[in-house]
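Structure first, then comments.
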């Protein structure tokens, strides 16, 4: 940052780090600073959407992630995060469309597989949901905290005794860590 104060990607990643540490106000400061330099940078809007989702503001999350998708319609992580918000709003068919688009671009994102399973599960497509819950388990490490609830849901879908018959957990986003590089220092 000292060498290049306009390096927008670094500002967005600093915002994500601040958010991960619970310093949401500081995260917003970094995102506002980045937006003043390059409001057309999709990760600014994606990060804002993730912050809004964490705060429970689904309308703001939808607006921010919608803008991010306008700017980067082929970004699988942004599509996955938008799918998570759509699930939160109960728009399962639209979420399914966004999540399938994300899978076509990058079939190895665990959050995409999980969210697609969740959307399908909510609309009663149990067999296909089972497939994507299994894919999620195959893509995540054993220490992943969501694995237990996913395994319980798989057991329920397979007809094994399990507590509760509702879909596993809430939707997941992919925006908790720094993103891959989208720009180079010469792009600003």
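Residue numbers (my numbering): 3 to 190. Note that beta-carbon positions come from the ideal geometry of N, C-alpha and C, so glycine has one too. This one's a predicted model, so the numbers in the text were calculated from it and none came from an experiment.
Looking at the backbone, the Cα of residue 90 and that of residue 142 are separated by about 22 Å. For residue 41, there is no enclosing alpha helix (DSSP H), as DSSP gives it neither H nor E. Where residue 153 is concerned, the enclosing alpha helix (DSSP H) starts and stops at 149-159. In the assembly as shown, residue 44 is a buried residue. Its beta-carbon has 16 or more other beta-carbons within 10 Å. Segment contact: the region 146-156 against the region 124-135, three or more CB-CB distances shorter than 8 Å; contact assigned. Nearest to residue 54 by alpha-carbon distance, out of 126, 21, 113, 15, is 21.
Of the candidates 28, 24, 23, 35, 35 places its Cα closest to the Cα of residue 11.
CA-to-CA, the gap between residue 28 and residue 99 works out to about 34 Å.
Taking a 10 Å sphere around the C-beta of residue 64, we find 16 or more other C-beta atoms and assign the residue as buried.
In the DSSP annotation of this structure, the continuous segment of the alpha helix (DSSP H) that includes residue 136 starts and ends at 128-141. Across the structure, residue 121 and residue 42 are spaced so that their CA atoms are roughly 30 Å apart. Note on geometry: alpha-carbon atoms of residue 113 and residue 78 lie some 10 Å from one another. Apart from the 5 residues on each side of it in sequence, residue 14 sits with its Cβ closer than 8 Å to the Cβ of 32, 33, 36, 43, 45, 46, 49, 181 in its chain, given in chain order. Residue 94 and residue 129 have their C-alpha atoms spaced approximately 16 Å apart. Nearest C-alpha to residue 80 among 62, 51, 58: 51.
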